[in-house]
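Protein chains in written order, with my numbering: chain A, -3 to 291; chain B, 55 to 348. Note that beta-carbon positions come from the ideal geometry of N, C-alpha and C, so glycine has one too. Okay, structure first, notes after.
Here's what the structure looks like:
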């Protein structure tokens, strides 16, 4: 064997050693569960018995007829929709405001960002108390009669959760937008100024097109993230209450698998959940990327 | 000469004039942002109020009112009930080892994908990319099932194993992207000097990966630290709990005495906020880089 081919052989061997542990962990810890998840969803396995029967897609057909599943799906979708819109608008507005000439920018950025550091478990509990105790006590001081108990009413629980989730995450996306805003070259703004354009023109013709990639990323990340709602409803609404009014998709899957003891049914719902997630991630990326190029 | 000094004078007058003139839009914006800042602080202030009231204050004051005197007893009770130090230790251990192995394995794989000439390494990249679309929350039932078959329930390494497995797609994606932008010359020079592939990676390439590693560690460690579902599935023993599980336990035990629970919230978030404050520059950079690239 010549020296060069021996060296090449050694190199390939090192490469193999480099990728082997990672591949093994990934295949066992992630790829196998995906395949097993698909497998479970096609059986009537109850989680305890040794045997299970192959029942085809009837779990899926049941899920599409189950009003609890449909409600949960619709609820999670609405939550995702409002979050994506509100969080993007406020994150961008705050980023622009805190990129201007106002005083105390750094402190304000930090304050708005801090909620993003906390676990949604904590945030949910804090706001649960705010809505049930603290804000109602404001009524007795001001002698007013506002209804602050958003989380205990099935009709308002969605808006309560949207408020909490936005309080927590606007700061995070604000930082992303700030980074995007600061990377816009000043020359472009100066060019508009020379042409006699005002702030609105600067925003529409320079800022928006330049930060379009960041907008795409934020929309995709916020929507896929909100669709995974789980921790927050564990504490904020005491596991999806009142009743099942705030039962998100993942909470529903959890309840079906460990509460009711129907892991195969829960797996079918998981796969539907995963399908939705993929559809709107791919759709959004395609749609918005196209827009970016046009701009 | 005289004309030049005149211009100078004129400029300085302009500057002074500009400084004195207050822009009304900026002023309005300042006002709005300060109010928003206060709204953001309100929940934190309420946490402090709750945590510092003793039993008498709880009944005599409204939740929105400050305590009449500061009481620290809730904190010591929370430390005891939460098993604070043990639970923080558990969470730290899980976070550190999960981040460490995610960084190690994903950068090794990314190195091979980025530097290997064979086409099957590119296929490997797409193999990992598939996982990027699958959050672990969508497959937690088979993960739990597999974990219990493998004897991973109530072990830290089991939890760490699944954290690493489900983080590898993002890690490989981020690291490969970063490595593709790195120049090859230094590695070629090392090769000419007789360094082996693994020497080149660990001594030459790894130090250059620092920005990407920082981004990955910051993003993932927060996910591990704050995660609730995975420890809920795997760590069922009381002394193996992580902070989110332990805190949630406290909420459920103390349905009437919120004050201990709020002391627990403050105790568990102060270290995180402190870490953030001291490394703020790197955090912001890492997080925005990770989000914009991811």
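- Judged by DSSP in its simplified three-state form, residue 206(B) adopts coil rather than helix or strand.
- A Cβ-Cβ separation of about 6 Å places residue 262(B) in contact with residue 236(B) under the 8 Å criterion.
- Under the Cβ distance rule, residue 143(B) does not count among the residues neighbouring chain A, no pair being separated by less than 7 Å.
- Each residue's CA atom was taken as its position, placing residue 245(B) and residue 7(A) some 11 Å apart.
- Judged by pairs of C-beta atoms under 8 Å, the segment 210 to 223 of chain B does not touch the segment 41 to 60 of chain A, as fewer than three such pairs exist.
- For residue 135(A), the enclosing alpha helix (DSSP H) stretches over residues 131 to 138.
- By the Cβ test, the segment 212 to 223 of chain A is in contact with the segment 72 to 84 of chain A, since at least three Cβ pairs between them sit closer than 8 Å.
- Here DSSP, grouped into helix, strand and coil, assigns residue 235(B) to coil.
- The alpha-carbon of residue 78(B) is positioned some 49 Å away from that of residue 150(B).
- For residue 261(A), the nearest beta carbon of chain B is not closer than 7 Å to its own beta carbon.
- Taking the Cβ atoms as the reference, residue 40(A) lies roughly 34 Å from residue 117(A), outside the contact range of under 8 Å.
- Relative to residue 18(A), the option among 333(B), 159(B), 316(B), 195(B) whose CA is nearest is 159(B).
- Residue 50(A) sits in a strand when the DSSP states are folded into three classes.
- The count of Cβ pairs closer than 8 Å, one atom from the segment 288 to 300 of chain B and one from the segment 194 to 209 of chain B, reaches three, so the stretches are in contact.
- For residue 4(A), the enclosing alpha helix (DSSP H) covers residues -1 to 22.
- Excluding the 5 residues flanking it on each side, residue 163(B) has same chain C-beta neighbours closer than 6 Å at 226, in chain order.
- When the beta-carbon positions are compared, residue 297(B) and residue 141(B) come within less than 7 Å of each other.
- When 7 Å is used as the limit between beta carbons, residue 96(A) is near these residues of chain B: 80, 83, in chain order.
- Not a single CB atom of chain A sits nearer than 7 Å to the CB of residue 274(B).
- Closer than 9 Å at the C-beta level to chain A, one finds these residues of the segment 278 to 301 of chain B: 279, 280, 281, 282, 283, 286, 287, 297, 298, 299, 301.
- Excluding residues up to 5 positions away in sequence, 297, 301 lie with their Cβ nearer than 7 Å to the Cβ of residue 322(B) in the same chain.
- Taking all protein chains in view, the Cβ of residue 241(B) is crowded by 16 or more other Cβ atoms within 10 Å, so the residue is classified as buried.
- The DSSP-derived three-state label of residue 39(A) is strand.
- Between residue 280(B) and residue 115(A), the gap from beta carbon to beta carbon is short of 7 Å.
- If the five residues before and after residue 185(B) are omitted, its C-beta is found closer than 8 Å to the C-beta atoms of 220, 222, 223, all from its own chain and listed in chain order.
- Collapsing the DSSP output to three states places residue 149(A) in coil.
- In this structure, residue 120(B) keeps its C-beta atom at 7 Å or more from the C-beta atom of residue 96(B).
- In this structure, residue 244(A) lies near residue 229(A), with their beta-carbon atoms less than 7 Å apart.
- A residue is called buried once 16 or more other Cβ atoms fall within 10 Å of its Cβ, and residue 64(A), having fewer, is exposed.
- Counting along the chain, the unbroken alpha helix (DSSP H) around residue 313(B) starts and ends at 312 to 332.
- Within 7 Å of the CB of residue 330(B), the CB atoms of chain A belong to 113, in sequence order along the chain.
- Per the C-alpha coordinates, the member of 235(A), 274(A), 120(A), 92(A) positioned closest to residue 159(A) is 120(A).
- C-alpha of residue 176(A) to C-alpha of residue 62(A): approximately 44 Å in a straight line.
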